[in-house]
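Taking our numbering, I'd label the letters of the sequence shown as residues 9 to 435. Where a beta carbon is used, it is the ideal one built from N, C-alpha and C, also for glycine. Here's the structure, in structure tokens; my notes come after.
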Amino acid sequence: MMNTQPVKAIIVGGGHRSLTYAALAEQSPELLQIVGVAEPDPGRRQMIAERFSIPEAHCYETAALLAEAPKFADAVINGTMDHIHVETAVPLLRAGYDMLLEKPFAVNEAQARLLVKTAKDCGRRVMTCFVLRYAPFYRKIKELILNGAVGEILSIQTNEYVSYHHMSTSHVRGKWRNSEQCHSSMLLAKCCHDVDLMMWLMAETQPVLVSSFGCNQQFRPDHAPRNAGTRCIVDCPLVDTCLYSAKRLYLDHPDRWSWYVWDALEHLPNPTLEDKAELLKTSPYGVCAYKSDNNVVDHQTVSVSFASGATGVHCMIGGASAGKRTIHITGTKGEIDGEFEAGRLTLSEIDPSPGCEHRDTVFDLRVENDTHGGGDLDLTRDFLACVRGETPSVSCTDIQDSLAGHLVVFLADRSMECGGVPQPVIL
Ligand SMILES: NC(=O)c1ccc[n+]([C@@H]2O[C@H](COP(=O)([O-])OP(=O)(O)OC[C@H]3O[C@@H](n4cnc5c(N)ncnc54)[C@H](O)[C@@H]3O)[C@@H](O)[C@H]2O)c1
Numbered sequence: 009m010m011n012t013q014p015v016k017a018i019i020v021g022g023g024h025r026s027l028t029y030a031a032l033a034e035q036s037p038e039l040l041q042i043v044g045v046a047e048p049d050p051g052r053r054q055m056i057a058e059r060f061s062i063p064e065a066h067c068y069e070t071a072a073l074l075a076e077a078p079k080f081a082d083a084v085i086n087g088t089m090d091h092i093h094v095e096t097a098v099p100l101l102r103a104g105y106d107m108l109l110e111k112p113f114a115v116n117e118a119q120a121r122l123l124v125k126t127a128k129d130c131g132r133r134v135m136t137c138f139v140l141r142y143a144p145f146y147r148k149i150k151e152l153i154l155n156g157a158v159g160e161i162l163s164i165q166t167n168e169y170v171s172y173h174h175m176s177t178s179h180v181r182g183k184w185r186n187s188e189q190c191h192s193s194m195l196l197a198k199c200c201h202d203v204d205l206m207m208w209l210m211a212e213t214q215p216v217l218v219s220s221f222g223c224n225q226q227f228r229p230d231h232a233p234r235n236a237g238t239r240c241i242v243d244c245p246l247v248d249t250c251l252y253s254a255k256r257l258y259l260d261h262p263d264r265w266s267w268y269v270w271d272a273l274e275h276l277p278n279p280t281l282e283d284k285a286e287l288l289k290t291s292p293y294g295v296c297a298y299k300s301d302n303n304v305v306d307h308q309t310v311s312v313s314f315a316s317g318a319t320g321v322h323c324m325i326g327g328a329s330a331g332k333r334t335i336h337i338t339g340t341k342g343e344i345d346g347e348f349e350a351g352r353l354t355l356s357e358i359d360p361s362p363g364c365e366h367r368d369t370v371f372d373l374r375v376e377n378d379t380h381g382g383g384d385l386d387l388t389r390d391f392l393a394c395v396r397g398e399t400p401s402v403s404c405t406d407i408q409d410s411l412a413g414h415l416v417v418f419l420a421d422r423s424m425e426c427g428g429v430p431q432p433v434i435l
């Protein structure tokens, strides 16, 4: 018999990502009910308890304490940071919870295999938040491939252009700037989505070899403009003109990336511009973009050889004028070409009729007001269907199915460290 009760879930790690998924409980209470929280920050814990009417008895300081308590929900939404996904997930899977787990689900191969094995041994469903698989744009590409529209795939090329302000906020000054601190490389933190999409779209075959090149070319002291200070609004004469001035990026655009840049002010009900300027004098977001303690690459190219003979290439370029993802797939019968942000996709088929060269079909798959092209809440709905025992969609990011993408990322980074030496993929 079909289960028609809402899935009961606990938020583990009450940051902005968990709350994005948990918001479905407010939109569709018949699908999801938030019944507990595990979050070390007392302010966040209280805010979440109040927002979802969670009793004190179901509020925990950590995932470990929650795992020790008797089970009181079906599932967990795990939105902790990258490097603690596995240590927080394993005890909760053993305690019997299914899990929606943020990407990357692990930060190295040993951890990734441990988590996949634990999920299997415990018989738990774990879905990774590869939200882009759910965006109508990428779903359409998958549908076209499954319908044979381009024939056998010969080549898949994807590009991610990370805008200069996104690059500055996340990977030069922000949480993913230094892999020794956050334990994620640039490719893992930013492009595990793109590599996952490549593996998902190429599911008819398997990756066999990976190589990669990349470096941090721009965001280093020898590229700092002449006379640059160390902190934009403290000692830099270029504060009004530098492309990466924290004043220009954050005070002139105080709402952009606010959940990262003004994180430290979230205890204030309405922080003023003066509060923000004061914070930039001491926070990592106010450091000169060329003199930060970042160590991640600003561009990287990954090449994949597949068992079928097909090849895949993904290029990540950080510091672009605007954020953009593009894709071009060439098959034996035609091609797919598109730009994600524009929601524009063109299928070009080789036309067998006399005189015609090719036939183009254009799809408009724009989605307004969603950071992942419509993917966030559709992924949550699919996870809930999975927990209810229903057949998940073709986008389903089951952890076993998310392993290949993670392994390719780890191997690409290893290859890059070895000057591009190809690395064999052992799934
Ligand atoms: N799917 C996507 O497209 C996407 C986009 C952005 C970020 N992410 C990923 O989402 C994750 C969360 O990012 P965020 O910016 O929301 O992070 P965040 O730092 O805002 O939230 C993480 C929360 O986990 C809490 N926490 C720490 N230790 C804990 C423990 N032992 N038990 C329970 N909670 C604990 C922290 O106090 C914090 O509130 C990251 O892995 C990030 O890479 C995914």
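In its chain, beyond the 5 residues on either side, 200, 203, 204, 207 have a beta carbon closer than 7 Å to the beta carbon of residue 413. Around the Cβ of residue 198, a 10 Å sphere holds 16 or more other Cβ atoms; the residue is buried. Between residue 15 and residue 269 a beta carbon distance of about 33 Å is seen, past the 8 Å cut, so the two are scored as non-contacting. Judged by DSSP secondary structure, residue 276 falls outside any alpha helix (DSSP H); it is assigned neither H nor E. Around the beta carbon of residue 80, fewer than 16 other beta carbons lie within 10 angstroms, which makes this residue exposed. Per DSSP, the beta-bridge partners of residue 17 are 42, 83. Nearest C-alpha to residue 239 among 276, 27, 295: 295. Judged by DSSP in its simplified three-state form, residue 54 adopts helix. Within the same chain, and ignoring the five residues on either side of residue 333 in sequence, the residues whose Cβ sits closer than 6 Å to its Cβ are 168, 348. Just measuring C-alpha positions, the residue of 43, 143, 343, 32 sitting nearest residue 164 is 343. Around the beta carbon of residue 434, fewer than 16 other beta carbons sit within 10 angstroms, so the residue counts as exposed. Pairwise C-beta distances place the region 105–118 out of contact with the region 48–60, as fewer than three of them are shorter than 8 Å.
The residue from 310, 230, 411 with its alpha-carbon nearest to that of residue 125 is 411.
The residue from 350, 352, 340, 373 with its alpha-carbon nearest to that of residue 366 is 340.
Judged by DSSP secondary structure, residue 207 falls within the alpha helix (DSSP H) whose first and last residues are 194–209. Assignment of residue 346 by DSSP, reduced to helix, strand and coil, places it in the strand class.
A Cβ-Cβ contact shorter than 8 Å links residue 111 with residue 136. Of the candidates 289, 276, 104, 289 places its Cα closest to the Cα of residue 253.
Taken in chain order, the complete beta strand (DSSP E) segments of 3 or more residues contained in the region 110–137 are 134–136.
By the Cβ-count criterion, residue 57 is buried, with 16 or more other Cβ atoms from all chains shown falling within 10 Å of its own Cβ.
Taking 7 Å as the cut-off, one finds no heavy atom of ligand 1 near enough to the beta carbon of residue 185.
When the five nearest sequence neighbours on each side are left out, the beta carbons in the same chain lying within less than 6 Å of the beta carbon of residue 98 are those of 126, in order along the chain. Uninterrupted alpha helix (DSSP H) stretches at least 4 residues long and entirely within the region 201–256 occur at 240–243, given in chain order. Residue 249 and residue 297 have their C-alpha atoms roughly 13 Å apart.
When DSSP reads this structure, residue 432 sits in a beta bridge with 217. If you draw a straight line from the Cα of residue 316 to the Cα of residue 338, it is about 14 Å long. At a threshold of 7 Å, residue 89 counts as near ligand 1, since its beta carbon sits closer than that to one of the ligand's heavy atoms. In this structure, 385 is the residue among 161, 102, 385 with its C-alpha nearest to the C-alpha of residue 36.
Residue 151 and residue 427 have their alpha carbons spaced roughly 37 Å apart.
Pairing residue 272 with residue 291 gives a Cβ-Cβ distance under 8 Å. Beta-bridge partners assigned by DSSP to residue 169: 325, 332. The continuous beta strand (DSSP E) containing residue 370 extends over residues 366–372. With a 10 Å radius around the Cβ and a threshold of 16 neighbouring Cβ atoms, residue 351 comes out buried. Judged by DSSP secondary structure, residue 356 falls outside any alpha helix (DSSP H) and instead within the beta strand (DSSP E) spanning 352–358. Straight through space, the alpha carbons of residue 128 and residue 387 are spaced by roughly 21 Å. Annotation for residue 313: the continuous beta strand (DSSP E) segment containing it runs 307–314.
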